[in-house]
Amino acid sequence: MVQIPKTPAAASRAPRSAPTSTDVARLAGVSRATVSYVLNDTGVVRISEPTRRRVHEAARELGYVPHAAARSLRAGHSRMVLMPAPAVPAGPLYSRFFSELQKALGHLDYTVVQYGSVGLRGDEAARAWAELRPVAVLVPGADLGPQGVAVLKRSGARAVVTLGPESVEGAHALLMDHRTVGRCAGRHLYERGRRRIGVVVPEEAGLEAFAGPRLDGVRRAVRGTEATVTELPLAYDERAAAALAARWRSLRLDAVFAYNDEYAMLLMRALQDEGIGIPQETAVIGADDLMLGRLLRPRLSTVRIRLPSGPQLAELVDRAVRDPAAAPVRRRVLDATPVHREST
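The sequence shown maps to residues 231 to 574 in my numbering.
See the structure below:
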């Protein structure tokens, strides 16, 4: 029997321990406190520029990064802003809004973490978010309740901000009333002489919170007039759009608010394939003012939606974090303007 000798090769494959601030201090020839002051960018102690360079060079050479959890323990809170992933499909407008917000929070030295909470809702989701000990939570939608806000605050969250149609007790609220969008579209179509208005209601799961208020907004826009409003359920699918277009003339509609630009483009193509003239037979208006709508023929009329800028919301979060005892802010942030083009 041949015995295979043990070699140190296996030991060499063992994971190397992560470099510590002590290692950085030793290499840079400074104290651990100096390393902490430099890498945490604190202004408590004045550090010379040559010393700062030595510390940063040593950290790069060793591959050292500060431990966020340890830093949070020292400070008493983290710099993490938690953004639960929306439970609804996010279009280009909202994707751009959240991207700007993350960038603005980064400039204020916050770390933005998006949390995938599929299957968790309401207060149950709040408990999952609280486990991460964020300093602030930005909650899209309307699922969070007062108990969930209380859970987050007890876990150390200094600011809870909701983005939705209603405010929640204890939280700052950015109110987005999508009836404004529907009212704007309905008024525009009525002023263009349209009296039999269809309103697309998407069948995509999760869009009910937007679609219902937009439909209601159109109804409010023409209330008390001779105009009628017809609800049009529609899946975001070419076959579904073609089926709706095939029976369009039997509906006797002369206009449609198609929920947003994406649904408007889908339906407009199907109507044109059926030989239905736009806007001669049917006027079409969308919402969000996407660039693709300006490339269509005819060019798509739309509702331009204005949301708060990323820096504005980031400043609100920062103020709330610095003053957690301040009374909750409630601000209406969604505005809408019709943009008239060839399709109406």
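Just so you know, even glycine gets a beta-carbon here, dropped at the ideal spot from N, CA and C. Remember, it's a predicted structure, so these values are computed and weren't measured experimentally.
What does the alpha-carbon distance come out to for the pair residue i and residue j?
i, j, result
"Glu226", "Gly378", "The first residue shown for the chain is 231 and the last is 574, placing residue 226 beyond what the model contains."
"Glu492", "Ala555", "43 Å"
"Pro314", "Val367", "8 Å"
"Leu445", "Arg409", "7 Å"
"Pro376", "Glu399", "5 Å"
"Arg256", "Arg562", "54 Å"
"Ala288", "Leu374", "45 Å"
"Val486", "Gly371", "26 Å"
"Leu497", "Asp503", "10 Å"
"Ala414", "Arg571", "The question names Ala, but residue 414 in the sequence shown is Cys. So the two alpha carbons sit approximately 15 Å from each other."
"Ala355", "Thr512", "44 Å"
"Ile535", "Asp565", "6 Å"
"Ala240", "Arg549", "Any reading at Ala240 is ruled out, since the residue's pLDDT is 49, under 50, leaving its predicted position unreliable."
"Ile277", "His286", "12 Å"
"Ser251", "Arg283", "15 Å"
"Ser242", "Arg309", "Caution is warranted here: a pLDDT of 49 is assigned to Ser242, below 50, making its placement in the model unreliable, and no coordinate value can be reported."
"Ala500", "Arg469", "9 Å"
"Ala472", "Gly507", "15 Å"
"Val369", "Thr392", "5 Å"
"Leu269", "His337", "16 Å"
"Leu292", "Leu335", "29 Å"
"Glu433", "Ala248", "50 Å"
"Arg351", "Gly394", "15 Å"
"Ala488", "Gly346", "30 Å"
"Val342", "Gly442", "31 Å"
"Arg425", "Ser385", "54 Å"
"Ala358", "Ala457", "48 Å"
"Thr281", "Ala401", "44 Å"
"Ser616", "Glu279", "Past the boundaries of the shown model lies residue 616; the chain is included only from 231 to 574, so the question cannot be answered."
"Val533", "Ala263", "56 Å"
"Ser573", "Lys383", "49 Å"
"Gly423", "Leu526", "23 Å"
On the DSSP letters alone, give me the boundaries of the alpha helix (DSSP H) that residue i sits inside.
i, result
"Asp565", "Careful: Asp565 lies outside any alpha helix (DSSP H), inside the beta strand (DSSP E) at 565-569."
"Pro280", "279-292"
"Ala488", "Run containing Ala488: none; DSSP gives neither H nor E here."
"Ala356", "352-360"
"Ala550", "540-552"
"Arg444", "438-452"
"Asp253", "251-258"
"Val268", "262-269"
"Pro322", "322-337"
"Ala557", "First-last for Ala557: undefined, no H or E at that position."
"Gly523", "521-525"
"Glu468", "468-476"
Quick check on the DSSP output: the beta strand (DSSP E) that includes residue i runs from which residue to which?
i, result
"Gln344", "341-345"
"Leu312", "310-314"
"Pro463", "458-464"
"Arg536", "532-536"
"Val575", "One cannot answer for residue 575 here, as it falls past the ends of the chain, which runs 231 to 574."
"Arg560", "560-562"
Looking at C-alpha atoms only, which residue of the options is the closest neighbour of residue i?
i, options, result
"Arg290", "Ala258, Thr264, Arg309", "Ala258"
"Tyr466", "Arg351, Ala435, Leu530, Pro558", "Ala435"
"Gln542", "Val365, Phe327, Leu525", "Phe327"
"Val551", "Gln332, Val390, Glu354", "Val390"
"Pro175", "Ser325, Leu405, Pro509, His418", "Residue 175 cannot be examined here, being either before or after the span of the chain that is shown, 231 to 574."
"Asp353", "Val381, Thr250, Thr392", "Val381"
"Ile515", "Asp484, Arg536, Ala544, Ile277", "Asp484"
"Leu331", "Pro568, Arg309, Val569, Glu545", "Glu545"
"Asn490", "Ile508, Asp518, Leu501, Gly505", "Asp518"
"Pro509", "Val547, Ser531, Leu393", "Ser531"
"Asp407", "Ala473, Gly447, Arg417, Gly423", "Gly447"
"Met495", "Ala263, Pro528, Ala473, Gly505", "Pro528"
"Glu396", "Arg560, Val569, Arg363, Tyr324", "Arg560"
"Val569", "Asp553, Pro538, Met521", "Met521"
"Arg388", "Pro364, Glu468, Pro249", "Pro364"
"Ser325", "His402, Gln344, Arg425", "Gln344"
"Tyr340", "Arg357, Leu312, Gly505", "Leu312"
"Leu419", "Thr567, Ser266, Ala248", "Thr567"
"Asp523", "Lys333, Pro322, Glu279", "The question names Asp, but residue 523 in the sequence shown is Gly. It is Pro322 whose Cα lies nearest to the Cα of Gly523."
"Ala439", "Lys333, Ala263, Val411", "Val411"
"Gly505", "Ala476, Glu421, Leu525, Asp553", "Ala476"
"Val295", "Ser266, Ala488, Leu537", "Ser266"
"Leu537", "Val254, Asp253, Ser329", "Ser329"
"Gly540", "Ser385, Ala358, Pro280, Lys333", "Lys333"
"Ala211", "Gly423, Leu474, Leu437, Val547", "Past the boundaries of the shown model lies residue 211; the chain is included only from 231 to 574, so the question cannot be answered."
Does the region 441-453 touch the region 475-486, meaning 3 or more C-beta pairs lie closer than 8 Å? no
Ignoring anything shorter than 3 residues, give me the beta strand (DSSP E) runs that lie fully in the region 366-428, in order along the chain. 366-370, 389-394, 402-405
Taking contact to mean 3 or more Cβ pairs, one atom from each stretch, closer than 8 Å, check whether the region 460-472 and the region 413-432 are in contact. yes
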